[in-house]
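Asks:
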Amino acid sequence: MAQLENSQQVAFLRGINVGRAKRVAMADLRKLLGDLGFADVRTVLNSGNVVYDGGKVAPADAAARIEEALVLKLGVAARVTVLSAGQFAELIEQNSLAPVADAARLLALVLNNPADVQRLAPLLRQPWQPEALALGQWAAYAWCPDGVLASKVVAALGVLLGDGVTSRNWATMQKLHALLNGPDAAATPSLTREH
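322 is the number that the working numbering gives to position 194 of the sequence shown; each next residue is one higher, with no gaps.
Laid out in structure tokens, this is it:
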């Protein structure tokens, strides 16, 4: 397995390509990031997941640049959260629910502001069974055995954080992790790569 490069970053765009609003073609998104000077831009699925080489640009600065360019170039307002490859690796490692959960029903709710995790700590004391909640430095993790729409955990997180969080199921997070960890993952059919 290849070692993570410090300059790689993962961007999560909140709420794009959900229903008919905020439609963004992944080819347009890859071009947008390329035009911003980011290299090796790859998208995962059609829901606003981007892996790229951020060079020396800090994740928070990259997020601001991408948000602004989305509005100016594509006419789409979307919250963008960016993690460095190292931060993303920590997000993966800190998920204590991963070993026991079905990846399709396990959500990682990526925090736009990592300090928000302190606001979520009281939720850990609530009985969520059969659901479960865990917290990491970069995300909250929600096990939703009856589905995301029926999840009380996800609803509580949404009330507390609003648009300060964007969620992805664990299967998507695993695809992003694989892409960051080696070139072989780029050959997966669900991944697209800018040439």
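We put the CB at the ideal spot given by N, CA and C, even for glycine.
Using 10 angstroms around the beta-carbon of Phe182, count the other beta-carbons present and answer buried if the total reaches 16, otherwise exposed.
Replies: The residue asked about is misnamed: residue 182 is Gly in this sequence, not Phe. The residue in question, Gly182, is buried, as its Cβ has 16 or more Cβ neighbours within 10 Å.
Asks: Could you check whether Thr300 and Val172 sit closer than 8 Å to each other, using their CB atoms as the reference points?
Replies: In contact: Val172 and Thr300 (Cβ atoms closer than 8 Å).
Asks: Looking only at its chain, what residues have a beta carbon closer than 8 Å to the beta carbon of Arg148, apart from the 5 residues adjacent to it on each side?
Replies: So no residue of the chain qualifies.
Asks: Does DSSP classify Trp271 as helix, strand or coil?
Replies: Here Trp271 sits in strand by DSSP.
Asks: Count the other CB atoms, across all protein chains shown, that sit within 10 Å of the CB of Arg151; report buried if there are 16 or more and exposed otherwise.
Replies: Looking at its Cβ environment, which holds fewer than 16 other Cβ atoms inside 10 Å, Arg151 is exposed.
Asks: Tell me the DSSP bridge mates of Asn297?
Replies: In DSSP, Asn297 forms a bridge with Leu235.
Asks: Tell me which same chain residues have a C-beta within less than 7 Å of the C-beta of Pro273, skipping the five on either side of it?
Replies: Contacts found: Arg233, Pro258, Glu259.
Asks: Would you say Ala190 and Ala139 are within 8 Å of each other, going by their C-beta atoms?
Replies: It is a contact, given that the beta carbons lie within the stated cut-off.
Asks: Report the residue from Gln222, Leu160, Pro227, Leu219 whose alpha carbon sits nearest the alpha carbon of Ile194.
Replies: Checking every option, the nearest Cα to that of Ile194 belongs to Leu160.
Asks: Among Leu211, Ala231, Leu198, which has the Cα closest to the Cα of Thr294?
Replies: The option with the nearest alpha carbon to Thr294 is Leu211.
Asks: At a cut-off of 7 Å, would you count Leu211 as near the ligand ATP, judging by its Cβ distance to the nearest heavy atom?
Replies: As presented, the structure is devoid of all ligands, the ligand ATP included, so that no description of it is given.
Asks: Assign Asn241 to one of two classes, buried (16 or more other C-beta atoms within 10 Å of its C-beta) or exposed (fewer than that).
Replies: Asn241 is exposed by the Cβ-count criterion.
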